Amino acid sequence: MNPDSIRAASRVPHGGETDPDVLDFSANTNPRTPKGVEELYAAALEESRRYPDDGYPSFRAAAAEFVGCSPERVVPTPGGLAAIRLAMEIALEPGDEVLVPYPSFGEYAREVRLQGARPRFVRYDDLLELRTAALESAAVAVVCTPNNPTGDAADPDALAAFADRCGDAGTTLLVDEAFLGFTELPSAAGFERENVIVARSLTKLFGLPGLRAGFAVATGDRRDTLETARRTWSLGTPAARVGAHCLRDGEFVAETRDHVERERERIREALERRFDVHPSDAPFLLCDVGDQNVDELLESAREGGVAIRDATTFRGLDAHIRVAIKDRERNDRLLGALGVGESADRRGRK
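Heads up, the sequence shown is in the numbering used here, so the first residue is 3 and it goes up one at a time.
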């Protein structure tokens, strides 16, 4: 990282509620975790009396099977954001230009600036349309799929074609797939292009944000550089053991995808009574609240025991909130707090 850039940097706002008495719809994490996690974690604590095996063979094998690549292409990291930083560290030099989507995850621009590089913001839904000539000045291009906070996933064929154009331009393509596990879309890990780095997180899909487990996937020299640069013992033993277990639980993943799809549609229909709701492939919905006051909506929801995400902190959004998809009981609490639940319907019919 660039010392001068670090001194000028600031933190990025995120969702996440610390009050246990408030239902947290500001963070897009699964309210469920796979069976057996508690027992496995407890056993891993005893193993933590020794340093982890820095090769992480079981974790690499599970991650590789999950995204459809060979284990040697997997680089373990303490969370998806750590994979993003690692990719930036090996790909950027001070003064480089990076194509950063907006509105999208605010950490991309922060990580770019920490390396002393410059973000060039491009509408996320225009990014994949850029031709080779427009890519040649960029050292890195970032794609988030499904995009956060809008929720729409990139078309795999369009993404593959974009990866080719990035390769022709000498541009590294960093694909953040933090929410792709909620869909049945294929991972960009299947491209096996030397200019492509994929970042994955276990936080969201498996409901374990505090575990800090993730990985990067790359090929050839890019993979070798990531592996050399990653921190030694980059995963603690509990994260490695629990992470491998979760990645192998195909039944849990299938049930989660089915549940999120059904509940997302139900919540979308209810929210559209009051807001303009963006189509989503992710476990969250972005709502344009129009001329309603965002701060008042946030406060009103909190009075109802629910925390929702102020999406005006995302570049380009000035009248938006984002809500996560949880289980049916919690989702009903959300709808009630926003005045679009069944109780609101009954009041309207009186």
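We treat Cβ as the ideally placed atom computed from N, Cα and C, and that holds for glycine.
Being a predicted model, the structure only gives us computed values, none of them experimental.
Quiz item: Should A93 and A141 be called a contact, given that it needs their Cβ atoms to be closer than 8 Å?
Solution: Taking the first residue of the sequence shown as position 1, residue 93 is located at position 91. Taking the first residue of the sequence shown as position 1, residue 141 is located at position 139. Yes, the pair counts as a contact, with Cβ atoms nearer than the cut-off.
Quiz item: Considering only residues of the same chain and omitting the five flanking positions on each side of A272, which have a CB-CB separation below 6 Å?
Solution: For this step, residue 272 is matched to residue 270 along the sequence shown. L337, V342, listed in sequence order.
Quiz item: What three-state label does DSSP hand G350 in the structure shown?
Solution: On the sequence shown, position 348 is the one that residue 350 refers to. Here the model assigns G350 a pLDDT of 44, short of 50, so the residue's position is not dependable and the matter cannot be decided.
Self-check item: Close beta carbons around T227, own chain, < 6 Å, minus the five adjacent residues each side
Solution: In the sequence shown, counting from the first residue as 1, residue 227 sits at position 225. Same-chain partners within the cutoff: I92.
Quiz item: Would the beta-carbon of F27 fall within 8 Å of that of V325?
Solution: Here the question's residue 27 lines up with position 25 in the sequence shown. Here the question's residue 325 lines up with position 323 in the sequence shown. The answer is yes: Cβ separation under 8 Å.
Practice problem: Could I get the ranges of all uninterrupted beta strand (DSSP E) runs contained in the region 151-229, with 3 residues as the minimum, in chain order? | Solution: 174-178, 198-203, 216-219
Practice problem: Can you have a look at V14 and say buried or exposed, based on whether 16 or more other CB atoms are within 10 angstroms of its CB? | Solution: Within the sequence shown, numbered from 1, the residue matching residue 14 stands at position 12. Flag for V14 reads exposed.
Exercise. For V24, name the three-state secondary structure that DSSP assigns.
Key: What you label residue 24 is simply residue 22 of the sequence shown in a count that begins at 1. Correct three-state label for V24: coil.
Quiz item: Taking C-beta to C-beta, are D178 and G82 nearer than 8 Å?
Solution: The residue given as residue 178 occupies position 176 in the sequence shown. The residue given as residue 82 occupies position 80 in the sequence shown. Yes, they are a contact pair.
Self-check item: Beta-bridge partners of I310, as assigned by DSSP
Solution: Start at 1 with the first residue of the sequence shown, and residue 310 comes out as number 308. Answer is F27, bridged to I310.
Practice problem: With DSSP as the reference, please indicate the residues paired to L287 in a beta bridge. | Solution: Residue 287 sits at position 285 when you count from the first residue of the sequence shown. V325.
Quiz item: DSSP state of A140, grouped into three classes?
Solution: Counted from its first residue, the sequence shown places residue 140 at position 138. A140: coil per DSSP, three-state reduction.
Quiz item: Within 10 angstroms of its Cβ, does P105 collect 16 or more other Cβ (buried), or is it exposed?
Solution: For the purposes of this step, residue 105 is identified with residue 103 of the sequence shown, where counting begins at 1. Buried: at least 16 other Cβ atoms inside 10 Å.
Practice problem: From the DSSP output, in three-state form, read off E99 for me. | Solution: For the purposes of this step, residue 99 is identified with residue 97 of the sequence shown, where counting begins at 1. Reduced to three states, the DSSP call for E99 is strand.
Practice problem: Taking all protein chains shown into account, decide if P281 is buried (16 or more other Cβ within 10 angstroms of its Cβ) or exposed. | Solution: On the sequence shown, residue 281 is found 279 positions in, with the first residue counted as 1. It counts as exposed.
Practice problem: Kindly identify the DSSP beta-bridge partner or partners of Y104. | Solution: Here residue 104 refers to the residue found at position 102 of the sequence shown. Y104 is bridged to R125.
Quiz item: E40: which of E344, G57, L210, A180 sits nearest, CA to CA?
Solution: Locating residue 40 in the sequence shown gives position 38, counting from the first residue. The option with the nearest alpha carbon to E40 is L210.
Quiz item: Does DSSP put D6 in a helix, in a strand, or in coil?
Solution: To locate residue 6, count along the sequence shown from 1; it is residue 4. Note: D6 maps to helix in three-state DSSP.
Quiz item: Could you give the distance in angstroms between the alpha-carbon of G118 and the alpha-carbon of A65?
Solution: In the sequence shown, counting from the first residue as 1, residue 118 sits at position 116. In the sequence shown, counting from the first residue as 1, residue 65 sits at position 63. Those two C-alpha atoms are separated by around 32 Å.
Self-check item: Inter-residue Cα distance where the pair is F184 and R120
Solution: By 1-based counting over the sequence shown, the position of residue 184 is 182. By 1-based counting over the sequence shown, the position of residue 120 is 118. Straight-line Cα distance between these residues: approximately 32 Å.
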